[in-house]
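Participant: Numbering (my numbering), first residue to last: 464 to 678.
C-beta: ideal position from N, C-alpha, C; glycine also.
Keep in mind it's a predicted model, so treat the numbers as computed, not measured.
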């Protein structure tokens, strides 16, 4: 492009940075950012998110968080995708407190946490054995940060937990929810799909099990 006197724009550079990031070639991605600045193009949120994703794939949490701070210094507001990426890698590396700190930062950026983000943190808390804090996170922190605990939200969270084989943990949340048929069905299905938890179906009562199994 340059040889033909065609100047790459921000979109072009972002494609390159994203490709390098996904290939875990973060140094190459950084060099592209330096090059685009030299040529009068300025990185945007998409640029830094791609770089951040690359560091997260590399498991380098500190560098990923450094990118977040760089964005803020440059006056760029991180979006939900940025937080989703960072919270995922924090939980994956058992840094749940850091994930919760990021979760609490979101309202200051004008963002409401998604169900996906909440699910990641719940799984992270359960994974490190912090069950009481997981229940508190669900019952208090999620509503306080604008997450509605309606049937759709609760069902999605329980489905994710069951899918990742956190069936007992899903049951512990179920007991502090207002359950309906949809939620009952999700948990019964989770118990059936994980053989060692079939005995837990009695938790839901005979009527609920009968309704599900008759379908």
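1. Which stretch, first to last residue, makes up the alpha helix (DSSP H) that contains residue 626?
2. The alpha helix (DSSP H) with residue 635 in it runs from where to where?
3. Give the secondary structure of residue 474 by DSSP, where H, G and I count as helix, E and B as strand, and everything else as coil.
4. Residues in its own chain within less than 6 angstroms of residue 492 by CB, not counting five upstream and five downstream?
5. Which same chain residues end up closer than 8 angstroms to residue 478 when comparing Cβ atoms and leaving out the 5 residues on each side of it in sequence?
6. Between residue 585 and the rest of its own chain, which residues show a CB-CB distance below 6 angstroms, the 5 nearest in sequence each way excluded?
7. If you run the structure through DSSP and keep just helix, strand and coil, what is residue 593?
8. Flag this pair as touching only if the region 494–504 and the region 525–534 have three or more C-beta atom pairs under 8 angstroms; answer yes or no.
9. Check residue 507 in the structure and name its three-state DSSP category.
10. Can you tell me which of the three DSSP states residue 664 falls into?
11. For the alpha helix (DSSP H) that residue 490 lies in, which residues bound it at each end?
12. Is it buried or exposed, residue 623, if we count other Cβ atoms within 10 angstroms and call 16 or more buried?
13. Just the Cα atoms here: how many angstroms apart are residue 593 and residue 653?
14. Leaving out five residues before and five after residue 520 in sequence, what residues of the same chain have Cβ atoms less than 8 angstroms from its Cβ?
15. Cα-Cα, which of 570, 473, 476 is closest to residue 606?
16. According to DSSP, is residue 514 helix, strand or coil?
17. Is residue 495 near residue 542, with beta carbons less than 8 angstroms apart?
18. Ignore the nearest five residues each way along the sequence and tell me which others in residue 576's own chain have a CB closer than 7 angstroms to its CB.
19. Can you tell me which of 511, 563, 595 puts its alpha carbon nearest to the alpha carbon of residue 544?
20. Assuming residue 559 contacts residue 588 (C-beta within less than 8 angstroms), just tell me the rounded distance between them.
Facilitator: Reading off the structure:
1. 614–626
2. 630–637
3. helix
4. 480, 483, 484, 514, 517
5. none
6. 597
7. coil
8. no
9. coil
10. Confidence at residue 664 is low in this model, with a pLDDT of 49, below 50, so the placement of that residue is unreliable and no value is reported for it.
11. 489–501
12. buried
13. 22 angstroms
14. 484, 485, 487
15. 570
16. helix
17. no
18. 566, 569, 608, 610
19. 511
20. 6 angstroms
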